[in-house]
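Worksheet for the structure shown next.
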Amino acid sequence: MKRAGIMLALIVISAAALGCASQKGLTFEVKGQVERPGTYDLNDYKDKMVTINARLDGEVTHLPARDYTGVPLRAVLKDAGVKGGATQITISASDGYRQAFELSNITASDDVILINDNDTVRVVAKGYPGGKWVEMVTSIEVT
1 MKRAGIMLAL IVISAAALGC ASQKGLTFEV KGQVERPGTY DLNDYKDKMV TINARLDGEV
61 THLPARDYTG VPLRAVLKDA GVKGGATQIT ISASDGYRQA FELSNITASD DVILINDNDT
121 VRVVAKGYPG GKWVEMVTSI EVT
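Reminder that position 26 of the sequence shown reads as 26 in the UniProt record's numbering, one-by-one numbering, no gaps.
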């Protein structure tokens with residue numbers, strides 16, 4: 001009986017820890033040429049979500065077109081307050097992978113969104129090569 005109680009306590013603690021980790025996984029840093037640098041949370045943008053239909057065409061991975069729902073990257077950049085003179089953004093992943101986008105392309109449409117992908121932030125970039133679909137996003141730098 002005592003063993004069952006200990007096991008139950010461990011399960012509850014593990015579940016709580018996983019819940020905290022998943023919330024932390026939906027945050028990313030916005031830095032560089034912005035008025036309001038800092039940590040942003042995908043959960044804060046639930047009222048700005050959009051759905052786009054996009055196909056992933058990478059060098060290795062190919063996925064047919066489907067609907068993705070997420071936050072337009074331009075909404076996050078608007079909140080961060082991009083400074084004049086900025087021309088590009090670089091999105092970095094937890095493994096060091098990075099991809100750059102022209103700022104003018106990002107601010108012109110909702111074709112690049114940030115989604116919750118298994119409790120991490122992922123880029124879905126409609127009309128861009130698959131390599132631009134950065135997984136496990138940790139930061140967005142405006143330059």
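No residue lacks a Cβ here, since even glycine has one placed at the ideal position from N, Cα and C. On a predicted model such as this, the values are computed, not experimentally measured, just so you know.
Taking the alpha carbon of residue i as the reference point, which residue from the options has its own alpha carbon closest?
i	options	result
residue 117	29, 53 and 133	133
residue 140	89, 114, 107 and 112	89
residue 115	107, 108, 124 and 109	124
residue 37	83, 43 and 49	83
residue 85	126, 93 and 33	33
residue 69	61, 54, 79 and 58	54
residue 131	46, 57 and 48	57
residue 101	44, 31, 143 and 49	143
residue 79	87, 44, 61 and 60	44
residue 87	75, 106 and 62	106
Using a Cβ-Cβ cut-off of 6 Å (strictly less than) and excluding sequence neighbours within five positions of residue i, which residues of its own chain qualify?
i	result
residue 35	81
residue 51	67 and 69
residue 21	Caution applies to residue 21, whose pLDDT of 41 falls short of 50 and renders its modelled position unreliable; the value that the coordinates give is listed next. Taken in chain order, the list of residues that qualify is empty.
residue 92	98, 138 and 139
residue 27	39 and 41
What's the call for residue i, buried or exposed, on a 16-neighbour Cβ count within 10 Å?
i	result
residue 109	exposed
residue 25	buried
residue 77	buried
residue 71	buried
Check for me: the alpha helix (DSSP H) holding residue i runs from which residue to which?
i	result
residue 74	73-80
I'd like the list of long-range same chain contacts for residue i, defined as Cβ closer than 8 Å, with 5 residues on each side in sequence excluded.
i	result
residue 29	37, 38, 39, 40, 138, 139 and 140
Out of curiosity, what's the CA-to-CA distance linking residue i and residue j?
i	j	result
residue 136	residue 104	24 Å
residue 73	residue 64	22 Å
residue 23	residue 122	Model confidence at residue 23 stands at a pLDDT of 49, short of 50, so the residue's coordinates are unreliable and nothing is read from them.
residue 42	residue 113	11 Å
residue 96	residue 47	30 Å
residue 31	residue 119	22 Å
residue 127	residue 49	19 Å
residue 129	residue 111	13 Å
How is the beta strand (DSSP E) around residue i delimited, first residue to last?
i	result
residue 100	98-102
Considering only residues of the same chain and omitting the five flanking positions on each side of residue i, which have a CB-CB separation below 7 Å?
i	result
residue 61	130
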